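Notes for the one structure printed next.
Given below as structure tokens:
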């Protein structure tokens, strides 16, 4: 083999070695940056998704769910409504979707409104027993074609208890079950008093003694001797909580509360596993 041929072989060997070296170094170089990018993405997801969602759900998982207050979970709602952005595992996304649905159902049930309807029911029954009827009068109407019809007019206190805003009093009532704040005498001779809820007495009194055009409403004559005020009689003889506590919406609200607590605990445990994994694989190495 001539000198030229050996030079060619030698050059080819060097060139091949250089390519191998450059390829190895380049592959390592790009692999290093791919690893850094993966690390940065994982840490970013921990900071912007996993940890904020975990923090948001912590208070729920610790049984701090007030049935009188709507649950506000903006991060969870965003994870569910913009599912395409976050790429959670199918299992975790499913749990988030279920939890968000439960919270939506929970927020739709307004216990103050439910309680108000029970109070209206109690008041109507009490008013009818005490005053004889919830109807104040009947008007007769005729149109130009000669058609006639009657309209029954409810007593003013019935109209008022349906229309007025008692949210504050009802919220106080629902927040203090079995914590009576008033009492009424049921036996003067033996000085016997029975506890009642002052908030209910206040609601009943406010409509019984409501005003029309600045003038106090005139109640009809009593149909029975009470020995106490009409409002006290209603609060004493109709057990609000006995009626309210068996309402289907009230029972469902409390069922949803328990489901939400336990489902949030499941999601939190999954998030903690993800966060621990990211810290162990990516963050500890960078300290």
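In my numbering, the protein residues as written are 116 to 402. No residue lacks a Cβ here, since even glycine has one placed at the ideal position from N, Cα and C. Keep in mind the model is a prediction, meaning the values are calculated, not measured.
Buried/exposed call for residue 292, threshold 16 Cβ in 10 Å = Translated into the one-based positions of the chain shown, residue 292 becomes position 177. By the 10 Å Cβ count, residue 292 comes out exposed.
Straight-line CA distance for residue 174 to residue 186?
-> Start at 1 with the first residue of the chain shown, and residue 174 comes out as number 59. Start at 1 with the first residue of the chain shown, and residue 186 comes out as number 71. Between residue 174 and residue 186, the C-alpha separation is close to 10 Å.
Would DSSP call residue 310 helix, strand or coil?
-> Counting from 1 along the chain shown, the entry for residue 310 is found at position 195. Strand.
Exposure of residue 349, with buried meaning 16 or more beta-carbon neighbours within 10 Å | By 1-based counting over the chain shown, the position of residue 349 is 234. Burial call: buried.
Measure the alpha-carbon distance for residue 393 versus residue 158 and round it to whole angstroms.
-> On the chain shown, position 278 is the one that residue 393 refers to. On the chain shown, position 43 is the one that residue 158 refers to. Cα to Cα, the separation comes out at about 7 Å.
Rounded Cβ spacing between residue 182 and residue 217 (contact assumed at less than 8 Å) | Here the question's residue 182 lines up with position 67 in the chain shown. Here the question's residue 217 lines up with position 102 in the chain shown. Not a contact, Cβ separation roughly 13 Å.
Secondary structure at residue 183, three-state DSSP: helix, strand or coil?
-> Along the chain shown, one-based indexing puts residue 183 at 68. DSSP places residue 183 in coil when its eight states are reduced to three.
Give me the Cα-Cα distance between residue 201 and residue 171, rounded to the nearest whole angstrom.
-> Sequence index remark: in the chain shown, residue 201 carries index 86 (1-based). Sequence index remark: in the chain shown, residue 171 carries index 56 (1-based). One C-alpha to the other measures close to 17 Å.
Cβ-based burial, residue 241 [other Cβ within 10 Å; buried from 16] = For the purposes of this step, residue 241 is taken as residue 126 along the chain shown, with counting starting at 1. Counting Cβ neighbours within 10 Å, residue 241 comes out buried, since at least 16 surround it.
Tell whether a beta-carbon distance below 9 Å holds between residue 365 and residue 229.
-> As a working mapping, residue 365 is identified with position 250 in the chain shown. As a working mapping, residue 229 is identified with position 114 in the chain shown. Closer than 9 Å, so yes.
Do the stretch 293–305 and the stretch 266–285 meet, that is, are 3 or more Cβ pairs less than 8 Å apart?
-> no
Continuous alpha helix (DSSP H) stretch holding residue 76: start and end = Because the chain spans 116 through 402 in this model, residue 76 falls outside it and cannot be assessed.
Report all residues from its chain with a CB closer than 6 Å to the CB of residue 385; omit the five preceding and five following residues, and keep chain order.
-> Residue 385 sits at position 270 when you count from the first residue of the chain shown. Closer than 6 Å at Cβ, skipping near neighbours: 207.
For the stretch 309–327 and the stretch 343–362, state whether three or more C-beta atom pairs, one from each stretch, are separated by less than 8 Å.
-> yes
Quick one: what's got a C-beta closer than 6 Å to residue 137's C-beta in the same chain, skipping five residues either side?
-> As a working note, residue 137 is residue 22 in the chain shown. For residue 137, the predicted structure reports a pLDDT of 46, less than 50, and the residue's modelled location is therefore unreliable. The matter cannot be settled from this model.
Limits of the unbroken beta strand (DSSP E) element including residue 255 | Position 140 of the chain shown, counted from the first residue, corresponds to residue 255. It spans 250–257 - the beta strand (DSSP E) in which residue 255 sits, taken as one unbroken run.
Is DSSP giving residue 344 helix, strand or coil here?
-> As a position in the chain shown, residue 344 is number 229, starting the count at 1. Correct three-state label for residue 344: coil.
Take residue 388 and list the residues in its own chain whose beta-carbon comes closer than 8 Å to its own, dropping the five residues that flank it on each side.
-> Here the question's residue 388 lines up with position 273 in the chain shown. Here the set comprises nothing.
Endpoints, the beta strand (DSSP E) within which residue 388 is located = The residue given as residue 388 occupies position 273 in the chain shown. Careful: residue 388 lies outside any beta strand (DSSP E), inside the alpha helix (DSSP H) at 363–393.
Would you list, in sequence order, the uninterrupted beta strand (DSSP E) runs of no fewer than 3 residues that lie entirely inside the stretch 281–311?
-> 297–302, 307–311
Does the Cβ-Cβ distance between residue 406 and residue 342 come in under 9 Å?
-> One cannot answer for residue 406 here, as it falls past the ends of the chain, which runs 116 to 402.
Could you tell me whether the Cβ atoms of residue 322 and residue 273 are closer together than 9 Å?
-> As a working mapping, residue 322 is identified with position 207 in the chain shown. As a working mapping, residue 273 is identified with position 158 in the chain shown. Against a cut-off of 9 Å, the Cβ pair of residue 273 and residue 322 comes out as a contact.
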